[in-house]
């Protein structure tokens, strides 16, 4: 059991510090970091709004410069009501087509320091579809000159009317300098402790066999400090106010439809829950991998062409689709509004193909897929997204193998996931959950064990185990949102010390169609009194699923120094008993801690207290200290002291099955007669 909650930084916030009760040393460390991250006026320096923006982007540094309007653009001052022109967008395929526009008026200061041109749009398809999500970024021309990008519209609107973001606002974003390296990922602790209940807590003991058991529980410490749903809420709270509310009476941005392919059931709902509040519209529309370009796919971006931002690709896919506004050398601007308003970011981009524009009473949208990977989304701002077609965004491969399902047509799943602090844990959970859900759709008794190998740049590979058992409800992505794998990835990618590179994830899920669970019905000490140094023998009464009660005798060594005392022994499942661990002070210590927070999940652990204290200091743990040791260890001239805790003995005993329930017994140790 970690000695205290780790002083994690919030992935999305300004620098704040809220140390756990025993974390005074770490609180001071955070305060020191805060002093280092203030400007000359003593104000906190805000970091990127979206956690995923904290990835390294190797692009130039420089001061922002005012740019003059290119000669093929029309200043907003010359845009008058009644002027007619055209726009470019892809209605089908990859080639842009024209649609007619007529200026209605200009809304001044529509967004901060940004105007908006209202236009009527005319095209046979737009007469039916009206405002279309995915047309965002379609360039608009008057007198043969570009004035901006189709970007806003009304939900439930009865007319094909759109709002156009001025091209000057978009080019200002293109001219914005980008840093070579993004600032450290810092913030404050998560807003509230993660509930130990989660979606994976074993049910209370019952006379009958237990209902459902999961190993993806909320353990205290490094993994428990990261919660995917909490991270999503934090980002949404910061991002959503900056986006126009999608209400029928509001002029809302045309939104970014996210084409989901290969997902089903629960994964679709989770994608909507996690991505929807960020201004994205997840929808099941098919898709695939652009890692290998399709034959005949365009080789470069063009004004009015379809562009995608790939969050995950392969056997499952998620791609935000929009339209290129203007290509300028290796860079381009698109969308005319933010995708997630994340600032500097690093997400894979791709040339996209449009299958169809689906008309809807609410808001119509393009259906499309990626056909060629090309470039990186490097800046995500109010007026536009900026893509560098010469850059390559980091992704990592993930493989999920399902064993034990006879005749499964697709037991192996391969994907590539965007290396993003929030999106990576989110899509890893969906990738594993979706693969298992699709492969093991059985409403019968089932036990599963998932072993994940995570390869971490510079730090080697760690192994993480998740598990579960139950009946009546097939496995789904819900079982993996709070998994140790997802929590570990969140903790690694949002750590406060340094950038971490996830190089590969391999998950192997073994499924058996049996409920390999036993309920602890009772425990009894066979000898209420024992000699000093003798072990305590305890009989466990175990109730398997659909079987008679079994008895198992375990031996718990009791130290000789407890002679003359009564020893209270607690019995609990191994997955619930946390090992004593020091709070990590760097990534190396975190990596070492993640796989070892609890005991073997298929064991029972006997725990009893000792008279001594233990201590943890700078990543090291001394489980037992002799009397007076703390006085020696505690410095007299500094407050940087070890943390103390009551020493314990933990004795794990393998059961080869998952235990549900707890109990306790007492044994008296006879005094030593001299």
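In this note's numbering, the protein residues as written are 2 to 675. All C-beta atoms, glycine included, are put in the ideal place defined by N, C-alpha and C.
Item                                                                                                                                   : Value
Three-way DSSP call (helix, strand, coil) for residue 485 in this model                                                                : helix
Paired residues, beta bridge with residue 87 - DSSP                                                                                    : 101 and 142
When 177, 667 and 87 are compared against residue 382, the one with the closest alpha-carbon                                           : 177
Beta carbon of residue 275 nearer than 9 Å to that of residue 229                                                                      : yes
Extent of the continuous beta strand (DSSP E) run through residue 282                                                                  : 281–285
Close-in-space but distant-in-sequence residues of the same chain around residue 119 (CB under 8 Å, 5 per side omitted)                : 104, 105, 106, 107, 108, 162, 163, 164 and 165
CA nearest to the CA of residue 135, picked from 420, 308 and 463                                                                      : 308
Within 9 Å, strictly: CB atoms of residue 145 and residue 73                                                                           : yes
Meets three-Cβ-pair contact criterion under 8 Å: the stretch 486–504 and the stretch 539–548                                           : no
Separation of residue 605 from residue 654, as counted between CA atoms                                                                : 5 Å
Residue 324 and residue 137 closer than 9 Å at C-beta                                                                                  : yes
contact_flag[the stretch 446–460, the stretch 502–512] where n(CB pairs < 8 Å) is 3 or more                                            : yes
Best match in 330, 322 and 331 for proximity to residue 338 [C-alpha to C-alpha]                                                       : 322
Local Cβ density within 10 Å of residue 380, reported as buried at 16 or more and exposed below that                                   : buried
9 Å Cβ cutoff met for residue 554 and residue 521                                                                                      : no
Within 9 Å, strictly: CB atoms of residue 516 and residue 446                                                                          : yes
Between the CA atoms of residue 576 and residue 420 - distance to the nearest angstrom                                                 : 30 Å
CB-CB length for residue 431 against residue 563, believed under 8 Å                                                                   : About 50 Å separates the two Cβ atoms, so there is no contact after all.
Contacts around residue 147, its chain only, beta-carbon distance under 6 Å, and the 5 residues preceding and following it disregarded : 74, 140 and 168
Status (buried if at least 16 other CB within 10 Å, exposed otherwise) for residue 547                                                 : exposed
Buried or exposed by the 16-neighbour rule on C-beta atoms within 10 Å, applied to residue 551                                         : exposed
Rounded C-alpha distance that separates residue 590 from residue 429                                                                   : 23 Å
Straight-line gap, residue 672 to residue 602 (C-alpha atoms, nearest Å)                                                               : 36 Å
Three CB pairs or more closer than 8 Å across the stretch 408–426 and the stretch 296–303                                              : no
Length of the line joining the Cα atoms of residue 610 and residue 448                                                                 : 34 Å
Other residues of its chain near residue 509: CB distance less than 6 Å, five sequence neighbours each side excluded                   : 402 and 452
Residue 676 (DSSP reduced to helix, strand or coil)                                                                                    : With the chain covering only 2 through 675, there is no way to say anything about residue 676.
Cβ-based neighbour list, residue 406, same chain, cut-off 7 Å, excluding 5 preceding and 5 following                                   : 412, 440, 441 and 512
Cβ-Cβ separation, residue 115 to residue 384 (assumed contact under 8 Å), whole Å                                                      : 6 Å
Alpha-carbon to alpha-carbon, residue 454 and residue 466                                                                              : 9 Å
Residue span of the beta strand (DSSP E) that contains residue 586, given as start and end                                             : No beta strand (DSSP E) contains residue 586, which DSSP labels as neither H nor E.
Which of helix, strand or coil DSSP assigns to residue 278                                                                             : helix
8 Å Cβ shell around residue 336 - same chain, five flanking residues per side excluded                                                 : 137, 138, 150, 152, 257, 323, 324, 326, 385 and 386
Beta-carbon contacts of residue 391 that lie in its chain and below 8 Å, excluding the five residues immediately before and after      : 331 and 376
Beta bridge counterpart(s) of residue 370 as assigned by DSSP                                                                          : 354
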